[in-house]
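First up is the structure itself, then whatever we jot down about it.
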Amino acid sequence: MKKMKSILISSALIMSTISCVKANDIDTVVNITGASNYLVRGLTQTNDKAALFLEGTVLYNGFFTGIWTSNIEFEGADGDREIDLYAGYSKDFFGFQTTLTYTRFLYPDSKDIANLDEAELKIVYPIDKFSIGGKYILGTYVENDGEKLDYYEGFTSYDFDIITLNGSAGSFEDMGDNFVVGISKAFDLSKGSLNLELLYSEFYSDDSSSLDQDNLYAKITYSF
């Protein structure tokens, strides 16, 4: 019950940020994604099973806020749903696309998985069809006094017109390192767009008692 109240309160705070602006100044984006696996920083969140992501974002003059959700599955833990509430601001500084985001991760039907908050700073520098960037994620809160872990990642992409090649490498504090390589292709539709992705991910654990992971997975996203 407390977790459900937390979701309602957080949703009310998100909606209050747009209550004072004109409706015609607001943009909205909805994403529906089907994935053969759901991974976070190289670690599966669905026990290597398929996932469905639903996301809605509201944007206004560089500010944005939204909600994202997916099914989840962890061995030895209850809960089958993750809900993320986020808000942030994005702006270009001297050609650097800079985004600051605060996200609350909620697991409303779980007693085993802790809710947590993170703050992310992401910077991307595009050069024609090539882009390079990095992000730093600061763990700010974990329910029940859990350990707050930080994450660092660098990434790059190049658009070959036929496909886009993407790559990233990251380090998760006290957990391990990961890298991802993949290809993607976007298609413009009469209403919205479609993006196809094929990715390969590896995770190397810092803990010898934990198993490393490697995954080949696919994603398809419809945006409107």
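Under numbering that gives the first Met the number 0, the first residue of the sequence shown carries the number 0, and numbering increases by one thereafter. Cβ coordinates follow ideal geometry from the N, Cα and C atoms, glycine included. On a predicted model such as this, the values are computed, not experimentally measured, just so you know.
Report all residues from its chain with a CB closer than 6 Å to the CB of residue 14; omit the five preceding and five following residues, and keep chain order.
Start at 1 with the first residue of the sequence shown, and residue 14 comes out as number 15. Residue confidence for residue 14 is low, a pLDDT of 49 falling below 50, so the modelled location carries little weight; the figure read from the coordinates is stated next. Within the same chain, and ignoring the five residues on either side of residue 14 in sequence, no residue has its Cβ closer than 6 Å to its Cβ.
If you check the beta carbons only, do residue 36 and residue 73 fall under 8 Å apart?
For the purposes of this step, residue 36 is identified with residue 37 of the sequence shown, where counting begins at 1. For the purposes of this step, residue 73 is identified with residue 74 of the sequence shown, where counting begins at 1. No, Cβ-Cβ distance for residue 36 and residue 73 is not below 8 Å.
If you reduce the DSSP assignment to three classes, tell me which class residue 146 lands in.
Taking the sequence shown and counting its residues from 1, the one referred to as residue 146 is at position 147. Here residue 146 sits in coil by DSSP.
Return the first residue and the last residue of the beta strand (DSSP E) that residue 176 is part of.
In the sequence shown, counting from the first residue as 1, residue 176 sits at position 177. Where residue 176 is concerned, the enclosing beta strand (DSSP E) stretches over 175-187.
In this structure, does DSSP put residue 24 in helix, strand or coil?
Within the sequence shown, the letter at position 25 stands for residue 24. Residue 24 falls in the helix class under three-state DSSP.
Using 8 Å as the cut-off, can you tell me whether the stretch 163-174 makes contact with the stretch 188-195, which would need three or more C-beta pairs spanning the two stretches below that distance?
No: fewer than three Cβ pairs fall under 8 Å.
Just the Cα atoms here: how many angstroms apart are residue 9 and residue 137?
Position 10 of the sequence shown, counted from the start, is the residue given in the question as residue 9. Position 138 of the sequence shown, counted from the start, is the residue given in the question as residue 137. Here the model assigns residue 9 a pLDDT of 49, short of 50, so the residue's position is not dependable, and the following value carries that caveat. Roughly 20 Å separates the two Cα atoms.
Just curious, the beta strand (DSSP E) that residue 224 is in, first and last residue?
Past the edges of the chain, shown from 0 to 223, lies residue 224, and the structure says nothing about it.
Output yes or no for whether 8 Å exceeds the beta carbon distance between residue 91 and residue 103.
Within the sequence shown, numbered from 1, the residue matching residue 91 stands at position 92. Within the sequence shown, numbered from 1, the residue matching residue 103 stands at position 104. Taking 8 Å as the Cβ cut-off, residue 91 and residue 103 do not qualify as a contacting pair.
Cβ atoms of residue 84 and residue 69: under 8 Å apart, would you say?
Locating residue 69 in the sequence shown gives position 70, where the first residue counts as 1. Locating residue 84 in the sequence shown gives position 85, where the first residue counts as 1. Taking 8 Å as the Cβ cut-off, residue 69 and residue 84 do not qualify as a contacting pair.
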